[in-house]
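Participant: Quick one: the structure is below, and I'll ask about it shortly.
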Amino acid sequence: MERGVDPVEPDARARAWEEFVEAVLSCVEQVPPGRVTTYGAIADAVGRHGPRRVGNVMSRHGGAVPWWRVVRADGTLPACHDGEARQHHLEEGTPLRRSGKVDLPAAFFQPESGPA
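Here it is as structure tokens:
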């Protein structure tokens, strides 16, 4: 065993990551059709980490939730899925700007904290 390394620590980190993933996905599930939230708003609601970590969760685990309802702080749609996201937004009646970005003042939804 390595000196100074707690053998339980990796399990605790794995549990903490799983709890964070669940909290992020729970926040995304709260966003109603036609509304959006941001990576930063989710990070604020969860109370841990930042928008990039939320983006990491969404890229790895977001397929089972309405991922298109999470946008960048400027209203930009997810870059690698913007065509698919745009179609979802049109179907849901999400307010969009001429630029193709979401109209955040009209569509923003602040999720409540998820189970952390």
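If you're matching positions, the sequence shown starts at 5 in the working numbering and goes up one per residue. Every residue, glycine too, gets a C-beta built ideally from N, C-alpha and C. Predicted model only: the values in this text are computed from it and were never measured.
In whole angstroms, what separates the C-alpha of Val61 from that of Pro55?
Facilitator: Answer to the nearest angstrom: the Cα atoms are 10 Å apart.
Participant: Give a yes or no on contact between the region 99-118 and the region 39-52, applying the rule of three or more CB pairs nearer than 8 Å.
Facilitator: Result yes; three or more Cβ-Cβ pairs closer than 8 Å.
Participant: Which two residues bound the contiguous alpha helix (DSSP H) that contains Pro55?
Facilitator: First-last of the alpha helix (DSSP H) with Pro55: Pro55 to His65.
Participant: Three Cβ pairs or more, each shorter than 8 Å: is that satisfied between the region 21-32 and the region 97-109?
Facilitator: The region 21-32, when compared against the region 97-109, does not touch it at the 8 Å Cβ threshold.
Participant: What does a CB cutoff of less than 6 Å around Gln34 pick up in its chain, not counting 5 residues either side in sequence?
Facilitator: Within the same chain, Gln34 has close Cβ partners Pro115.
Participant: Tell me the DSSP secondary structure of Val9 in three-state form.
Facilitator: Confidence in Val9 is poor, its pLDDT being 49 and thus under 50, which makes the residue's placement unreliable; the coordinate value appears in the next sentence. Looking at Val9 - three-state DSSP - the assignment turns out to be coil, as it is neither helix nor strand.
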